[in-house]
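**Student:** For the sequence shown, full-length UniProt numbering gives the first residue as 1, with consecutive numbering after it.
For glycine and all other residues, C-beta sits at the position ideal for the given N, C-alpha and C.
Computed from a predicted structure; not experimentally measured.
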Amino acid sequence: MTILLVGGTGKTGLPLARLLRDANHSLLIASRSPDKVPEPFKGVAFDWFEPSTYENPFNVDSNITRVYIVGPPVLHMLPTVKEFVELAITKGVKRFVFLSASSTPRGSLSMGQVHEYLAERGVEYAILRPSWFFGEQCQTFTHCGKLPKHTSENFTYIFYQSIRESNDIATTVGDGKVPFVSADDIAEVAFRALVDEQSHNTDHIIVGPELYTYDEVAVLLSEVLGRTIKHKRLTQDEGKALWESFGLDEEYALTMLDMERWILTGKEEALFHAEAKDVGERRINEYFQANREAWIVE
Numbered sequence: 001m002t003i004l005l006v007g008g009t010g011k012t013g014l015p016l017a018r019l020l021r022d023a024n025h026s027l028l029i030a031s032r033s034p035d036k037v038p039e040p041f042k043g044v045a046f047d048w049f050e051p052s053t054y055e056n057p058f059n060v061d062s063n064i065t066r067v068y069i070v071g072p073p074v075l076h077m078l079p080t081v082k083e084f085v086e087l088a089i090t091k092g093v094k095r096f097v098f099l100s101a102s103s104t105p106r107g108s109l110s111m112g113q114v115h116e117y118l119a120e121r122g123v124e125y126a127i128l129r130p131s132w133f134f135g136e137q138c139q140t141f142t143h144c145g146k147l148p149k150h151t152s153e154n155f156t157y158i159f160y161q162s163i164r165e166s167n168d169i170a171t172t173v174g175d176g177k178v179p180f181v182s183a184d185d186i187a188e189v190a191f192r193a194l195v196d197e198q199s200h201n202t203d204h205i206i207v208g209p210e211l212y213t214y215d216e217v218a219v220l221l222s223e224v225l226g227r228t229i230k231h232k233r234l235t236q237d238e239g240k241a242l243w244e245s246f247g248l249d250e251e252y253a254l255t256m257l258d259m260e261r262w263i264l265t266g267k268e269e270a271l272f273h274a275e276a277k278d279v280g281e282r283r284i285n286e287y288f289q290a291n292r293e294a295w296i297v298e
């Protein structure tokens, strides 16, 4: 059995790859730049926007039976993901684990539609719905501060430039609280969903061990960096303009505002208090301390 990671070089993909390697599972990483897949992992060319590449993983390894999917960076992703999944099924794939988000329940726009499709398709599946998360420090900052690879990853993508250049974190969430979760903790849930003998066939709400407002996060980051970082509270119009500055179109920007409204109205906090959830162990202040150089300006 080989496990294919689509998005295997991302924030959750690499920690997941390490877990699979350490447990002696055969794995293959699909990437637009397979030559950049780190050793000792094996990469294969794959591009969501080039359907001709969808068969590449199966040409490299005919024993792929389980797939981890980080979807394409588009709002209406179902047609694209569905085309690949349908092909994968014909190649013998039995189980799919899909990275979604806490604020996108089954059937909702974008990732929620993929959730519904997989649940109704009759395959083995698991849907990961993490809260807003933090990951490894960017090894290169080419994309930091631009369109995020995953729109729930905060501090080395969405807020990277503003923390370094303006000493602020700009949101529309007000006093809403977030149970920030580590990408490594998400990877551990993904690992179990992929390798457990019994398919989970459900969604996993994944949260961190603590709740923070962005005001409180700014204080934590200030203490680590030795300079004052503030939470800049935006209006809806200002928030829309911010998301559009990342290169999102109007529809996608409004969707991101809806995700922030999920925080503002207390829904993200409510997930933290729900009984059915996976709680990670890693704390955001430890992440700030370990990666402080990312936000240091020379």
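I'd like the list of long-range same chain contacts for D278, defined as Cβ closer than 6 Å, with 5 residues on each side in sequence excluded.
**Tutor:** So the qualifying residues of the chain are V189, H204 and I206.
**Student:** Would you report the Cα separation of I296 and G112, rounded to the nearest angstrom?
**Tutor:** Straight-line Cα distance between these residues: approximately 37 Å.
**Student:** What's the gap between the Cα of Y214 and the Cα of T171?
**Tutor:** Each residue's Cα considered, the two are about 8 Å apart.
**Student:** Where does the unbroken beta strand (DSSP E) through V70 begin, and where does it stop?
**Tutor:** Looking at the DSSP string, V70 is not in any beta strand (DSSP E), and its letter there is neither H nor E.
**Student:** In this structure, how does DSSP classify G43 when only helix, strand and coil are distinguished?
**Tutor:** Three-state DSSP puts G43 in a strand.
**Student:** Excluding the five sequence neighbours on either side, which residues of its own chain have a C-beta within less than 8 Å of the C-beta of E244, listed in chain order?
**Tutor:** So the list reads E250 and A253, once near-sequence residues are dropped.
**Student:** State the beta-bridge partners of R233 as determined by DSSP.
**Tutor:** Paired residue(s): T171.
**Student:** Can you list, in chain order, the residues of its chain with a C-beta nearer than 8 Å to that of E210? Leave out the 5 residues immediately preceding and following it.
**Tutor:** So the qualifying residues of the chain are P179, F180, R283 and I284.
**Student:** In its own chain, which residues sit with a C-beta less than 6 Å from the C-beta of A218, not counting the 5 before and 5 after it?
**Tutor:** These residues qualify, in order along the chain: I169, I229, K230 and H231.
**Student:** Given this structure, state the Cα-to-Cα distance separating A119 from N201, to the nearest angstrom.
**Tutor:** Rounded to whole angstroms, A119 to N201 spans 7 Å at the Cα level.
**Student:** Taking Cβ to Cβ, would you say S199 is nearer than 8 Å to Y287?
**Tutor:** No. Outside cutoff.
**Student:** Does the contact criterion of 3 or more C-beta pairs under 8 Å hold for the segment 29 to 49 versus the segment 85 to 105?
**Tutor:** Cβ pair count under 8 Å is below three, so no.
**Student:** For H273, count neighbouring C-beta atoms within 10 Å of its own C-beta (all shown protein chains included) and say buried if the count is 16 or more, exposed if not.
**Tutor:** H273 comes out exposed.
**Student:** In or out: G145 buried (at least 16 other Cβ within 10 Å) or exposed?
**Tutor:** Note on G145: pLDDT 38, under 50, position unreliable in the model; the coordinate value appears next. Classification of G145: buried, given that the 10 Å Cβ count is 16 or more.
**Student:** So, under 8 Å CB-CB, F155 and L19 are touching, yes? Tell me the CB distance rounded to an integer number of Å.
**Tutor:** That belief does not hold up - the Cβ atoms of F155 and L19 are roughly 23 Å apart, past 8 Å.
**Student:** For F141, I'd like the list of residues in its chain whose CB is within less than 6 Å of its CB, leaving aside the five on either flank, ordered along the chain.
**Tutor:** Any reading at F141 must be qualified, since the residue scores a pLDDT of 31, below 50, and its modelled position is unreliable; no value is offered.
**Student:** Ignoring anything shorter than 4 residues, give me the alpha helix (DSSP H) runs that lie fully in the segment 213 to 269, in order along the chain.
**Tutor:** Counting only runs of 4 or more, we get 214 to 225, 236 to 245 and 250 to 264.
**Student:** Does the Cβ-Cβ distance between I69 and L99 come in under 8 Å?
**Tutor:** Yes.
**Student:** Over what stretch of residues does the beta strand (DSSP E) that includes R95 continue unbroken?
**Tutor:** R95 to L99 is the span of the beta strand (DSSP E), which, as asked, contains R95.
**Student:** Can you tell me where the alpha helix (DSSP H) holding T2 begins and where it ends?
**Tutor:** Per DSSP, T2 belongs to no alpha helix (DSSP H); it is in the beta strand (DSSP E), T2 to V6.
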